[in-house]
Amino acid sequence: MTYPDKNKYLELASEYNLVPVYREYMADTETPTSIFLKCCGLNGEGFLLESIEGAKNLSRYSFIGIGCSGKAVLENGIFRYEKDGERIKERKTDAPLAEIEEIMSGFKLYRDPVLDHFIGGAAGYLSYDLVKYFDDIDLPGERMELPEMYLYLTDLVVVFDHLMNRLKIISTIKTGGEVMPEKAYQQSVEKIEALEKKIASNIIPSLSTGLKGPADPGKAEELFKSNFMPEKFKEAVEKIRDRIIEGEAFQIVLSQRFSMKDRRDPINIYRGLRSINPSPYMYFFNFGDFNIIGASPEPLIKINGNRVLTCPIAGTRKRGKSEAEEEKIMEDLLNDMKEIAEHNMLVDLARNDLGRVCKYGSVKVKEYMKIEKYSHVMHLVSKVEGILNSGSTIYDALKSVFPAGTLSGAPKIRAMQIISSLEPDCRGPYGGAVGYFGYDGNLDSCITIRTAIVKDGMVHVQAGAGIVYDSVPENEYQETLNKAAALLKAVSIIE
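First residue of the sequence shown: 9, per the working numbering; consecutive thereafter.
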């Protein structure tokens, strides 16, 4: 059965310019990955957002965005908006989030109470390099040839409910156009039926490669070349320590990028990552000539209604090989004064960031220094929440926390200035955000870490370490390797 029926839709279409139409099915024989491959193939534009590990409220749904009705792209300071294949806008801008807000504010969505999750909107990434539009940050390093921002406007979404083993196919109709309402409804139903047939079929694209067994960590690292020689990275750590001792900053996050040649199907990197490093935020985006693939443990900012959440992560250890070793490592982490000081600094930074856009007195630390375990590492995690001011928007809130203090440092602006003077390349997507601005006015985004960029036959992986005054260069270098390990292994287990 299709919801709403045609008569109800016609009634809604007179009041709203976005009306979701959907059907619901059993999904106990499918996976989100199989649905993505059936609906988008290997080369079709689209995305897969999954949540494999974490609290229940983070992991119930996976979302498959199929094709797009529009694209919002920022490249070299030029903002471009395409709608249904037609270029609507192209202009120079110094306010990229205002451009997105202008587009999204034109939509008035009918909120079906059954659809209490993402149903469509603008999904994609904001690169770290957007900082130059928000603050006085010069970025002299060499750039990856990627847009600074790329968002798909998606109206056709499959929602996979892991709790109920059901899926919804949702086609959101933009009303008020040249197409008559009855015909628009019929076209939407036909789109749903076409996807239903694809999902019910056994036709999945043939992958050029498969997955093999667990990779040796050392061999995985040998496949990649860093943009930082080990000694140069350690020298940069010492330079940062000098800046900290001189009082310029309290903490600075230094990163290195690992790259290797690879021309295999990018979806297999995602499959490898999914199998060895399940995370609350997993994503596969096919942007045509490049892919962004990740498994981030860390939300950047999540806004539902007027409730705002950010979760600073600082303090990392490798997982233990036995239960006894695990307990010892956890105890060591919880009693490491350096890690605790770094974590407290970033919790305070998160509180200050939210304080700029939230109601006075509403910003609270809801969870403090809890250990969360992932496949290769464990982290210290806190949750900071607040209530959005009536005069602030989700775009203001995103800007207030961007980029995350856990990927830049404190104080944030000076830390970013020092980073740009020491890292040899601009960061690109790393350290920015991946997520969506929903048609319903909500926002969900994660920090772009544990992420691979696939472009022109190359795979790029980046990882960083938070440097403080008593950092040991060798330890910080090793921390970047530990954080990159899951991505390096995900690539190396592809046959």
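Just so it is clear, CB atoms sit at the ideal spot from N, CA and C, and this is done for glycine as well.
{"query": "Residue interval of the beta strand (DSSP E) (run including K2)", "result": "Nothing can be reported for residue 2, as the shown portion of the chain is limited to 9 through 503."}
{"query": "Coil, strand or helix - E254 by DSSP", "result": "coil"}
{"query": "Straight-line Cα distance separating A80 from A106", "result": "12 angstroms"}
{"query": "Span of the alpha helix (DSSP H), counted from its first residue to its last, around R279", "result": "274-284"}
{"query": "Where the alpha helix (DSSP H) through D340 begins and ends", "result": "331-342"}
{"query": "Other residues of its chain near L18: CB distance less than 8 angstroms, five sequence neighbours each side excluded", "result": "P189, E190, Y193"}
{"query": "Inter-residue spacing [alpha-carbon to alpha-carbon] between K372 and T414", "result": "18 angstroms"}
{"query": "Cβ-Cβ distance between L175 and E58 below 9 angstroms", "result": "no"}
{"query": "Local Cβ density within 10 Å of R458, reported as buried at 16 or more and exposed below that", "result": "buried"}
{"query": "Short Cβ contact (9 angstroms threshold) for T180 with P12", "result": "no"}
{"query": "Supposed close pair N173, L215 - CB separation, criterion 8 angstroms", "result": "Not a contact, Cβ separation roughly 25 angstroms."}
{"query": "7 angstroms CB neighbourhood of D169 in its chain, flanking five on each side removed", "result": "R68, Y69, L175"}
{"query": "Alpha-carbon spacing of M353 relative to K491, whole angstroms", "result": "21 angstroms"}
{"query": "G221, buried or exposed, once every other Cβ within 10 Å from all chains shown has been counted against 16", "result": "Confidence at G221 is low in this model, with a pLDDT of 49, below 50, so the placement of that residue is unreliable and no value is reported for it."}
{"query": "Length of the line joining the Cα atoms of Y376 and V389", "result": "7 angstroms"}
{"query": "As assigned by DSSP and simplified to three states, the class of E116", "result": "A small correction: the amino acid at residue 116 is Lys; Glu does not occupy that position in the sequence shown. Coil, per DSSP."}
{"query": "Contact the region 203-212 vs the region 31-45: 3+ CB pairs below 8 angstroms", "result": "yes"}
{"query": "Alpha carbon of Y368 to alpha carbon of F295, nearest angstrom", "result": "41 angstroms"}
{"query": "4 or more residues per run - each alpha helix (DSSP H) lying fully within the region 390-458", "result": "402-409, 413-416, 420-430"}
{"query": "Nonlocal neighbours in the same chain, by C-beta distance under 8 angstroms from I8, ignoring five residues either side", "result": "Nothing about residue 8 can be read from this structure; the chain reaches only from 9 to 503."}
{"query": "Local conformation of S70 per DSSP, three classes", "result": "strand"}
{"query": "Three-state class that DSSP yields for H468 in the structure shown", "result": "strand"}
{"query": "Collapsed DSSP secondary structure at S287 in the structure displayed", "result": "coil"}
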